[in-house]
Structure formats: C-alpha cells, structure tokens
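Okay, so the sequence shown: first residue is 25 according to the numbering used here, each after it adds one.
Note that CB positions come from ideal geometry on N, CA and C, so glycine has one too.
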Amino acid sequence: MEAIRQILSVKNHSVTVILPDDFIADEVEVIILPVQNKEYKIPQWQIDEVRERTEKYLKNPQSVTDIDDFLKEIEDDL
C-alpha cells in the first residue's frame, strides 16, 4: 500500500490533492483531520541515532547489513 500524507490549506471549504504522476489507482480513501501541531519536532535521541549511524556508514560503507539479511535475523529471533 502506498500512502501520501500532505498538509493542505482549506479554501472555501475545499481542498485539492494533486497526486504524483507515478501514483496509479482508480479509487482512493481520503481521511480528513484538522492539523493538531504544524511543527512536528523530531526527538533529540532520534536525531543523535541517525547521525551516529550516518557517521559509521561514511567511515565504512562495506559494513552495512543487507536488508534481506537483517530481516532474516529478526525473523529468526521471533
């Protein structure tokens, strides 16, 4: 399933959604919610984790685990 999330402005009680060219569907489900918090704040721990992983990758790109191997490890642990 492909999901597209957008924050749109309401004008005259209407919104217009422009779909990407590669989005192919005959019907879509639309859920309308008022925006609760326009500025989503990424937690500092998450920023730190991404920075650390990026640094490790840049130092040694060959050490990256293949996604299929990673998923198999998780499956084996279950």
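It is roughly 13 Å from the alpha-carbon of threonine 78 to the alpha-carbon of glutamine 86. DSSP, reduced to helix, strand and coil, places lysine 35 within a strand of the structure shown. In the DSSP assignment, phenylalanine 47 falls outside any alpha helix (DSSP H), carrying neither H nor E.
Tyrosine 81 is positioned such that its CB atom lies closer than 8 Å to that of valine 88.
When the beta-carbon positions are compared, valine 52 and isoleucine 31 stay at least 8 Å from each other.
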